[in-house]
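Okay, so here's the structure we're looking at.
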Amino acid sequence: MEALFFYLFGGLALISSFFVIFLRKPVHNAVALIFTFFCLAGLYLILGAEFVAMIQVLVYAGAIMVLFLFVIMLLNLEEEEAIEGRGNKFRRWLGGFAAVVVFLLLAPVWLMQALPVVKGTFPPEKVQELGNTVWIARLLFTDYLLPFEVASVLLLAAIVGAVFFAMKRM
Amino acid sequence: MPESYVPIFVFLVVNVAVAVLIIALSTYLVKRKPTAQKLMPYECGMDPFGTARKRFSVKFFVVAMLFIIFDIEAVFLYPWAVVFKDLKLFGLIEMVVFIAVLLLGLFYAWKKGALEWQ
Numbered sequence: 047m048e049a050l051f052f053y054l055f056g057g058l059a060l061i062s063s064f065f066v067i068f069l070r071k072p073v074h075n076a077v078a079l080i081f082t083f084f085c086l087a088g089l090y091l092i093l094g095a096e097f098v099a100m101i102q103v104l105v106y107a108g109a110i111m112v113l114f115l116f117v118i119m120l121l122n123l124e125e126e127e128a129i130e131g132r133g134n135k136f137r138r139w140l141g142g143f144a145a146v147v148v149f150l151l152l153a154p155v156w157l158m159q160a161l162p163v164v165k166g167t168f169p170p171e172k173v174q175e176l177g178n179t180v181w182i183a184r185l186l187f188t189d190y191l192l193p194f195e196v197a198s199v200l201l202l203a204a205i206v207g208a209v210f211f212a213m214k215r216m
Numbered sequence: 003m004p005e006s007y008v009p010i011f012v013f014l015v016v017n018v019a020v021a022v023l024i025i026a027l028s029t030y031l032v033k034r035k036p037t038a039q040k041l042m043p044y045e046c047g048m049d050p051f052g053t054a055r056k057r058f059s060v061k062f063f064v065v066a067m068l069f070i071i072f073d074i075e076a077v078f079l080y081p082w083a084v085v086f087k088d089l090k091l092f093g094l095i096e097m098v099v100f101i102a103v104l105l106l107g108l109f110y111a112w113k114k115g116a117l118e119w120q
């Protein structure tokens with residue numbers, strides 16, 4: 047049953063990510079990417095990571111994609127420019143090279159028959175008892191308190207940066 | 003735990019099926035007599051002008067950026083709310099510090115006029 051859903055969401059994610067690459071209009075690519083994010087959220091649910099799944103939908107499919115669409119609209123690529131960009135030989139070779147490198151990096155994992163089982167501090171059974179969110183929260187607000195507070199400084203830097211660069215032009 | 007999401011999955015499947023069915027039926031059953039009036043983009047009863055592919059003001063981008071940042075802030079509030087009772091006062095102080103830092107950012111954006119719209 048779990049395998050069935052894995053192949054369903056994984057397959058849909060693969061198909062929609064092909065659409066992200068091959069559709070010709072930037073906005074269509076963005077919509078396909080949203081669909082990919084939803085499929086990934088499904089995969090996280092199968093792993094028992096509800097919190098990550100919800101964040102995937104809320105932050106990635108919701109907020110980050112809004113930004114992507116804004117960038118598409120701000121740049122406003124005309125059809126001709128978009129096609130011209132595809133013809134760029136150097137970029138094609140670069141993309142092909144990157145794809146080969148990623149494949150070679152992943153190949154060992156694919157060849158491995160079974161990963162050695164090492165149980166960490168949080169095996170699935172323990173997480174399932176209280177749920178993923180509770181465990182994330184407990185760790186985040188006790189052991190990882192400093193990174194959490196530092197994250198607020200990072201977000202502050204993002205606000206200041208975005209406002210500064212945008213307002214300079216006004 | 004994943005089993006409890008089966009109803010949501012069924013709901014999604016039914017939704018997609020109904021949507022596909024409606025679009026398919028209205029595509030294949032309908033007789034088309036297109037006229038210039040019918041093919042015009044619908045714009046609240048007004049005649050459309052210009053193209054949709056216009057450059058947008060960077061103001062929209064700033065608003066989107068601020069939205070993302072405060073969205074992420076809200077994301078941190080969810081797990082915090084779940085364990086709020088266990089953390090007691092300590093948890094409250096943690097979150098007040100977190101939000102205070104982000105409030106600085108909000109005041110900066112406010113001062114700089116990023117929230118103004120004229």
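Going down the list, the sequences are from chains A and B. Letter by letter, the first sequence follows residues 47 to 216 in the working numbering. Letter by letter, the second sequence follows residues 3 to 120 in the working numbering. Just so you know, even glycine gets a beta-carbon here, dropped at the ideal spot from N, CA and C.
- What B:D49 touches in chain A, judged by beta-carbon distance under 9 Å, is nothing: the nearest beta carbon there is about 23 Å away.
- For A:V209, the enclosing alpha helix (DSSP H) begins and ends at 191-214.
- Under the three-state reduction of DSSP, B:E118 is assigned to coil, being neither helix nor strand.
- Residue nearest to B:I71 within the set B:E45, B:L106, B:K90, B:L91 is B:L106 (criterion: CA-CA distance).
- When the Cα atoms are used, A:L79 and B:L14 turn out to be separated by approximately 18 Å.
- The C-beta of B:K114 comes closer than 8 Å to at least one C-beta of chain A.
- For B:F62, the chain A residues whose C-beta falls within less than 7 Å of its own C-beta are F116, listed in chain order.
- Between B:W82 and A:F187, the gap from beta carbon to beta carbon is short of 8 Å.
- Proximity of A:A183 to chain B, defined by a Cβ-Cβ separation below 8 Å, is satisfied.
- Approximately 6 Å separates the beta-carbon atoms of B:F69 and A:A109; this is inside 8 Å, confirming the contact.
- The Cβ atoms of A:Q102 and A:L86 lie closer than 8 Å to each other.
- Shown here, B:M42 sits in coil according to DSSP, grouped into three states, outside any helix or strand.
- Excluding its 5 nearest sequence neighbours in each direction, A:L69 has C-beta neighbours in its own chain below 7 Å: N75, A78, listed in chain order.
- Across the structure, B:T37 and B:F51 are spaced so that their CA atoms are roughly 18 Å apart.
- Secondary structure at B:M48: strand, using DSSP grouped into helix, strand and coil.
- In the structure shown, A:G141 falls within a helical segment according to DSSP collapsed to helix, strand and coil.
- A:A145 sits exposed, since fewer than 16 C-beta atoms from the chains shown fall within 10 Å of its C-beta.
- Think of a sphere of 7 Å around the beta carbon of A:A208: the chain B residues whose beta carbon falls inside it are V64, M67, in chain order.
- Contacts between A:T179 and chain B, judged by CB atoms closer than 8 Å, involve Y80, P81, V84 in chain order.
- By the neighbour-count criterion, in which a residue is buried when 16 or more other Cβ atoms sit within 10 angstroms of its Cβ, B:W112 is exposed.
- For the alpha helix (DSSP H) assignment, the uninterrupted runs of no fewer than 4 residues enclosed by the segment 48-103 of chain B are, from N- to C-terminal side, 60-84.
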